Amino acid sequence: MFGLTFEKLFLVAIIAGFVLGPSRLPGYAHQLTRAVRTVRHFVDTTRTAAEADMGVPLRRSEWESMNLRQYDPRRIVHDALRDTEPLRDTDPPSEQVLAEAARVRPGQKYLITGPSSHPRRILIDSLPQDDPRRIAAQRQPEAATSSTGPDPTTSDDNRFERR
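Numbering (this note's numbering), first residue to last: 1428 to 1590.
Here's what the structure looks like:
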């Protein structure tokens, strides 16, 4: 703990005895004892409150018996990469996903879902490649060029002539 050994603590006690003097040393020792008891009482009270709130005992022996290495991110990734189970066929998209895909405009960056009281913004690039909403946002507008007028790439000079 902090690199403190018994010898270092003993040396600090000897130096404190010389600095404080024999008349004040018992008073400071009594204050230190009260502080340690207060901290110990605070820790016990906090532990009891946490156990009551969570419903899980916080005893060191029970935590040591658990295998916490199963939550190591490196192990999780290693197990996922080692898993060679073939991918299952995906189900067709739900009606809600298809309805959201119909509302997506080409070039749209975010998808707004959820109720109007608590909308959620989803980045369309974060959706899977085969998601209909992402496909709808990536497609090129077909009817947009005909509705805005003639194609500017064609050389139709009749529209600039005066009559």
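C-beta atoms are modelled at their ideal positions from N, C-alpha and C, and glycine is treated no differently.
As the structure is a computational prediction, the values presented were derived from the model and not from experiment.
| query | Does the Cβ-Cβ distance between GLN1535 and ALA1564 come in under 9 Å? | reply | In contact: GLN1535 and ALA1564 (Cβ atoms closer than 9 Å).
| message | At the level of alpha carbons, what is the spacing between SER1492 and ALA1479? | response | About 21 Å.
| Which of the three DSSP states, helix, strand or coil, is assigned to LEU1525? | Three-state result, LEU1525: helix.
| When DSSP labels each residue in this structure, what does THR1432 get in the three-state scheme? | Coil, per DSSP.
| query | How is the beta strand (DSSP E) around ILE1549 delimited, first residue to last? | reply | Run containing ILE1549: 1547-1550, per the beta strand (DSSP E) assignment.
| query | Alpha carbon to alpha carbon, what distance is there between PRO1559 and ARG1566? | reply | Within the model, the alpha-carbon separation for ARG1566 versus PRO1559 is close to 11 Å.
| query | Of the residues SER1543, PRO1484 and SER1553, which one's Cα is nearest the Cα of TYR1537? | reply | Here the closest residue by C-alpha is SER1553.
| CB contact flag (GLY1541, ARG1532, <9 Å) | Going by C-beta atoms, GLY1541 is not nearer than 9 Å to ARG1532.
| message | Using only CA atoms, which one of ALA1476, GLU1527, ASP1506 and ASP1557 lies nearest to ASP1518? | response | When only C-alpha atoms are compared, the closest one is ASP1557.
| query | Helix or strand or just coil, what does DSSP make of ALA1571? | reply | Here the model assigns ALA1571 a pLDDT of 49, short of 50, so the residue's position is not dependable, and the following value carries that caveat. Look at ALA1571 here: in three-state DSSP terms it is helix.
| request: Rounded to whole angstroms, what's the CA-CA distance from LEU1550 to THR1465? Just pull it up for me. | output: Answer to the nearest angstrom: the Cα atoms are 51 Å apart.
| request: Could you tell me which residues DSSP puts in a beta bridge with TYR1537? | output: According to DSSP, which records beta bridges pairwise, TYR1537 is partnered with LEU1550.
| For LEU1459, which of ALA1440, THR1473 and ASP1471 has the nearest alpha-carbon? | Checking every option, the nearest Cα to that of LEU1459 belongs to ALA1440.
| field | Ranges of the beta strand (DSSP E) found wholly within the stretch 1442-1508, counting only runs of at least 3 | value | Listed in chain order, the beta strand (DSSP E) runs fully inside the stretch 1442-1508 amount to none, counting runs of at least 3 residues.
| Does the distance from the C-beta atom of PRO1520 to that of ALA1507 stay below 9 Å? | No. Outside cutoff.
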